[in-house]
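Quick note: the sequence shown uses full-length UniProt numbering, first residue 1, plus one each step.
Some notes on the structure that comes next.
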Amino acid sequence: MATVSGYVEKIKYRNEENGYSILNVSADGLDYVLVGTFPYISEGDFIEATGRDVEHPVYGDQIQVESYELKAPEDTASMERYLGSGAIRGVGTALAARIVRRFKADTFRIIEEEPERLAEVKGISEKMARAISEQMESKKEMRQAMMFLQDYGISMSLALKIYNEYGPRMYGIIKENPYRLADDIQGVGFKMADEIAQKAGIFTDSDFRIRSGIYYTLLQSVANGHTYLPQEELLASASELLHVDPSVMEKHLTDLQMEKKIVVKVNEEKVPESEADRSSGISETAVSESAPALQETDPEWMQYMGNGASETAGSAPVSRHVYASQYYYTELNTARMLHDLNLRGSEPEAEIRKKLEKICEEEKIEPDELQIRAVIEAVNSGLLIITGGPGTGKTTTINTIIRYFEQEEMEILLAAPTGRAAKRMTEATGYEARTIHRLLELTGVPSDDKDTSGMHFERNEENPLDADAIIIDEMSMVDIYLMHALLRAVNPGTRLILVGDTNQLPSVGPGNVLRDLIASKAFNVVQLTRIFRQAAESDIIVNAHKINDGERIPLGKRSKDFLFIRREQPDAIISAMLTLVREKLPNYVHADMFDIQIMTPMRKGALGVERLNTILQSFLNPQDPSKPEKEVGGTIYRVGDKVMQIKNNYQIEWETRNRYGIPIDSGAGVFNGDIGIIREINTFAEELTVEFDEGKMVDYSFKQLEELELAYAITIHKSQGSEYPAVVIPVYSGPRMLMTRNLIYTAVTRARACVCLVGIPEMLQAMVDNEVEQRRYTGLKIRIQEVMRSEL
Numbered sequence: 001m002a003t004v005s006g007y008v009e010k011i012k013y014r015n016e017e018n019g020y021s022i023l024n025v026s027a028d029g030l031d032y033v034l035v036g037t038f039p040y041i042s043e044g045d046f047i048e049a050t051g052r053d054v055e056h057p058v059y060g061d062q063i064q065v066e067s068y069e070l071k072a073p074e075d076t077a078s079m080e081r082y083l084g085s086g087a088i089r090g091v092g093t094a095l096a097a098r099i100v101r102r103f104k105a106d107t108f109r110i111i112e113e114e115p116e117r118l119a120e121v122k123g124i125s126e127k128m129a130r131a132i133s134e135q136m137e138s139k140k141e142m143r144q145a146m147m148f149l150q151d152y153g154i155s156m157s158l159a160l161k162i163y164n165e166y167g168p169r170m171y172g173i174i175k176e177n178p179y180r181l182a183d184d185i186q187g188v189g190f191k192m193a194d195e196i197a198q199k200a201g202i203f204t205d206s207d208f209r210i211r212s213g214i215y216y217t218l219l220q221s222v223a224n225g226h227t228y229l230p231q232e233e234l235l236a237s238a239s240e241l242l243h244v245d246p247s248v249m250e251k252h253l254t255d256l257q258m259e260k261k262i263v264v265k266v267n268e269e270k271v272p273e274s275e276a277d278r279s280s281g282i283s284e285t286a287v288s289e290s291a292p293a294l295q296e297t298d299p300e301w302m303q304y305m306g307n308g309a310s311e312t313a314g315s316a317p318v319s320r321h322v323y324a325s326q327y328y329y330t331e332l333n334t335a336r337m338l339h340d341l342n343l344r345g346s347e348p349e350a351e352i353r354k355k356l357e358k359i360c361e362e363e364k365i366e367p368d369e370l371q372i373r374a375v376i377e378a379v380n381s382g383l384l385i386i387t388g389g390p391g392t393g394k395t396t397t398i399n400t401i402i403r404y405f406e407q408e409e410m411e412i413l414l415a416a417p418t419g420r421a422a423k424r425m426t427e428a429t430g431y432e433a434r435t436i437h438r439l440l441e442l443t444g445v446p447s448d449d450k451d452t453s454g455m456h457f458e459r460n461e462e463n464p465l466d467a468d469a470i471i472i473d474e475m476s477m478v479d480i481y482l483m484h485a486l487l488r489a490v491n492p493g494t495r496l497i498l499v500g501d502t503n504q505l506p507s508v509g510p511g512n513v514l515r516d517l518i519a520s521k522a523f524n525v526v527q528l529t530r531i532f533r534q535a536a537e538s539d540i541i542v543n544a545h546k547i548n549d550g551e552r553i554p555l556g557k558r559s560k561d562f563l564f565i566r567r568e569q570p571d572a573i574i575s576a577m578l579t580l581v582r583e584k585l586p587n588y589v590h591a592d593m594f595d596i597q598i599m600t601p602m603r604k605g606a607l608g609v610e611r612l613n614t615i616l617q618s619f620l621n622p623q624d625p626s627k628p629e630k631e632v633g634g635t636i637y638r639v640g641d642k643v644m645q646i647k648n649n650y651q652i653e654w655e656t657r658n659r660y661g662i663p664i665d666s667g668a669g670v671f672n673g674d675i676g677i678i679r680e681i682n683t684f685a686e687e688l689t690v691e692f693d694e695g696k697m698v699d700y701s702f703k704q705l706e707e708l709e710l711a712y713a714i715t716i717h718k719s720q721g722s723e724y725p726a727v728v729i730p731v732y733s734g735p736r737m738l739m740t741r742n743l744i745y746t747a748v749t750r751a752r753a754c755v756c757l758v759g760i761p762e763m764l765q766a767m768v769d770n771e772v773e774q775r776r777y778t779g780l781k782i783r784i785q786e787v788m789r790s791e792l
């Protein structure tokens with residue numbers, strides 16, 4: 001560790017948002033470069049800093065500062081230097097010299113205690129004197145605040161956010177209710193607030209702590225796809241977090257309702273839980289009266305209650321569903337908008353069939369009756385859902401609907417949740433498809449609208465999509481927030497056609513939208529079931545349906561597109577997968593090695609994503625002097641690596657470039673699951689460039705690399721909506737909750753030309769037999785049914 005005491009000669013770089021700075025400091029006749037977070041430092045300040053000596057590959061020796069203290073200048077030369085450094089707006093070198101010459105060692109006391117006396121100096125008016133004093137005072141307050149917050153273990157960058165949010169009020173907040181920080185400050189969660197509270201001497205049974213812990217538990221459940229939690233489960237989880245008895249916490253739910261942070265709905269079960277889990281992910285329920293406190297805090301909801309609760313009154317068990325308010329109202333508003341779109345047309349079926357017959361003859365299409373029914377319903381439905389497994393003709397049906405609407409001179413828009421899914425849709429239809437985010441014109445401007453989690457869509461109810469029909473594919477991937485954003489941009493009268501496979505894994509984000517829409521029985525649904533002749537020749541499709549039906553897979557059968565290679569040990573499985581990816585499959589499926597995707601159920605373990613990626617990187621993109629690399633958090637990122645974005649970033653900018661490197665298009669947003677290749681690592685600029693689908697080039701600062709991970713192997717969950725020429729799947733023992741039927745079904749259906757499973761045959765059959773699905777608590781089905789009843 002090194003300690004430096006000296007004057008800040010120059011601030012070479014400063015990030016005003018988080019205070020990260022690079023400083024030139026002069027001490028004992030030597031010059032030093034200090035790097036760290038300095039939110040309130042100015043040129044001319046005297047700093048005493050302690051940190052680690054590091055060597056930057058471009059900028060040379062630096063000190064990475066871990067702690068520092070600013071000291072007030074004590075001698076007249078230092079005072080003059082500070083005032084003339086630019087730290088005080090309006091005071092230059094000459095004026096600083098006159099001030100210090102007039103007041104000498106008493107200069108700083110005069111500025112702070114008798115600022116009016118500054119007017120004694122030539123060139124300073126009374127107004128300017130007050131301004132100088134105010135600047136000195138504000139800097140002093142900020143310094144004191146930063147030092148105060150450091151005592152609570154708060155980093156400089158976070159301390160700056162807290163000070164900017166609260167100002168002098170922060171002292172009272174930290175000492176009385178530091179849990180407010182979790183609500184108000186981005187980057188502060190309950191656990192950090194709890195650590196601050198402990199240092200502030202807040203008791204573990206504090207009302208503030210218990211309410212904050214309950215709310216935190218509720219928000220954390222979103223990561224598992226829930227939009228609410230049953231009250232008993234919520235309180236049990238919060239009790240484990242807080243080490244407080246659940247009975248003590250019940251009264252705090254009423255307080256949270258009064259604060260409008262949560263909504264509690266009272267439900268009565270109508271069907272066995274096991275049946276509901278399979279059909280829609282939640283128990284099928286009807287709503288009875290809400291608690292009195294809720295009636296007071298949620299009057300808008302009451303007009304939608306109706307008398308539906310009486311339908312299931314009796315001895316059925318009652319459960320309370322607890323929502324964070326934003327999720328409840330997102331579900332409710334989604335249900336309202338779905339209801340408004342659910343209009344019925346009046347074109348005679350005979351006329352539709354006549355036009356359709358002509359189209360089928362021209363396009364040489366031979367639809368079955370269900371596909372014909374889907375077209376008829378698309379013409380006469382404001383909202384239509386088309387569902388079916390692989391090979392059942394969903395794409396042909398979409399194409400036929402498009403041709404019909406084109407003949408009617410209708411404006412059509414196509415979209416899918418991911419770039420890969422949109423690309424597939426474009427290739428299958430010959431019609432441009434975009435991601436839903438691009439369709440809604442996502443911008444990098446943050447929004448206060450919690451329904452979109454900080455992102456801002458230009459398309460909404462005030463600027464709706466200009467179309468007669470909108471077709472969305474891969475609906476199983478659409479979460480409740482994206483669905484809500486889409487519906488806001490669709491005018492009643494526009495046909496909305498939703499296409500998807502309910503047996504795929506549900507969305508990464510909260511909700512179970514496609515299943516809930518179908519389970520509500522409120523909309524027209526056409527389920528395609530026939531496997532067409534050409535599809536029936538593919539063992540991928542045949543076996544996918546066998547998996548979905550729980551049937552045994554004939555692994556000994558010779559197949560051109562569904563292969564099983566028996567290996568017993570993890571390292572032998574990895575060796576076989578490497579041979580497939582590097583040598584066997586590229587020529588077999590006529591694809592690049594990096595287009596072939598290894599998918600595994602797990603992140604941890606001998607065949608988890610983390611271990612596989614380290615091994616695969618060393619073989620598929622080994623270290624080379626010609627390939628720059630950067631290590632962050634134990635992961636090496638190397639030019640040529642295959643990487644995946646692992647969180648939605650709505651503000652990050654991308655651009656596409658022509659062959660001369662000139663930008664031809666640009667936009668914002670890279671999303672969870674997007675895969676690309678590292679094209680450049682610039683250690684001088686501390687940036688890494690990734691090329692994603694459609695040639696989108698994105699520059700990441702080294703500090704943003706936590707948003708990327710290697711993608712030679714990915715989890716099956718991350719493969720949703722994608723299609724690959726070939727997929728390779730290790731089949732080995734793992735946690736029962738992960739080794740499930742819908743997981744292996746999703747993996748197999750991601751392959752276009754070939755599926756290769758490597759491992760233990762008995763484990764594949766165990767997955768097929770395992771119908772367990774992680775239950776999702778979602779209420780969209782109930783909200784839809786309630787809204788529909790209220791309109792009767």
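Glycine included, C-beta positions come from ideal geometry on N, C-alpha and C.
Computed from a predicted model, the values in this text were never measured in an experiment.
- In this structure, the beta-carbon distance from ALA422 to ALA415 falls below 8 Å.
- Ranked by how close their Cα comes to the Cα of VAL222, the residues ASN621, ILE162 and TYR328 have TYR328 in first place.
- The C-alpha of MET483 lies about 29 Å from the C-alpha of ASP549.
- In the three-state reduction of the DSSP assignment, THR392 falls in the coil class, being assigned neither a helical nor a strand state.
- Boundaries cannot be given for VAL490, as no beta strand (DSSP E) includes it and DSSP labels it neither H nor E.
- Within the UniProt domain "AAA+ ATPase" (380 to 532), the runs of beta strand (DSSP E) that reach at least 3 residues and sit entirely inside it are, in chain order, 383 to 388, 412 to 416, 433 to 435, 469 to 472, 495 to 500 and 524 to 528.
- When the five nearest sequence neighbours on each side are left out, the beta carbons in the same chain lying within less than 8 Å of the beta carbon of ILE372 are those of ARG353 and LEU356, in order along the chain.
- Annotation: ILE518 to GLY388 spans about 12 Å, alpha carbon to alpha carbon.
- Rounded to whole angstroms, the gap between the alpha carbons of ALA685 and ARG638 is 16 Å.
- The closest CA to that of GLU361, considering only GLU369, THR400 and ASP539, is found on THR400.
- Under the DSSP definition of a beta bridge, PRO230 partners with HIS321.
- Residue TYR179 holds the alpha-carbon nearest to the alpha-carbon of THR204 among ASN621, ARG558 and TYR179.
- For PHE702, no alpha helix (DSSP H) run applies, since DSSP gives it neither H nor E.
- The segment 628 to 635 and the segment 666 to 676 do not touch, with fewer than 3 CB-CB distances between them shorter than 8 Å.
- Contact holds between the segment 781 to 788 and the segment 329 to 337, because three or more Cβ pairs, one in each stretch, are under 8 Å apart.
- Taking C-alpha positions only, ILE744 is separated from GLY734 by approximately 13 Å.
- In terms of Cα proximity to MET763, the closest of ARG130, ARG552 and ASN512 is ARG552.
- Here THR656 is bridged, per DSSP, to ASP665.
- Per the DSSP secondary-structure output, SER26 pairs in a beta bridge with TYR7 and ASP31.
- For VAL632, the enclosing beta strand (DSSP E) begins and ends at 629 to 632.
- A buried status is given to THR396, since no fewer than 16 other beta-carbon atoms sit within 10 Å of its beta-carbon.
- Here LEU30 is exposed, its C-beta having fewer than 16 other C-beta atoms within 10 Å.
- Of the candidates ILE675, MET697 and THR683, the residue whose Cα lies closest to the Cα of GLY661 is MET697.
- Within its own chain, the residues whose Cβ lies closer than 6 Å to the Cβ of ALA469, once the five positions on either side in sequence are excluded, are PHE405, MET410, ILE412 and ARG495, listed in chain order.
- ILE664 is classed as exposed because its beta carbon has fewer than 16 other beta carbons within 10 Å across all chains shown.
- The residue from GLU408, PRO510 and ILE41 with its alpha-carbon nearest to that of TYR323 is PRO510.
- With respect to the 8 Å criterion, ALA238 and GLY213 are classified as neighbours on the basis of their beta carbons.
- CA-CA distance, LYS627 to GLY36, rounds to 29 Å.
- Counting only the Cα atoms, ASN24 lies some 12 Å from ARG14.
- Taking the CA atoms as reference points, TYR166 sits about 28 Å from ILE652.
- Rounded to the nearest angstrom, the gap between the Cα atoms of GLY201 and TYR163 is 21 Å.
- DSSP places HIS252 in the helix class (H, G or I) of the three-state scheme.
- Under the three-state reduction of DSSP, GLU366 is assigned to coil, being neither helix nor strand.
- Using a 10 angstroms sphere on the CB of MET577, the tally of other CB atoms reaches 16 or more, which defines it as buried.
- Distances from the CA of GLU55 to each of GLU48, GLN64, ILE47 and ALA49 were compared; the closest alpha carbon is that of GLN64.
- In this structure, ILE185 keeps its C-beta atom at 8 Å or more from the C-beta atom of TYR152.
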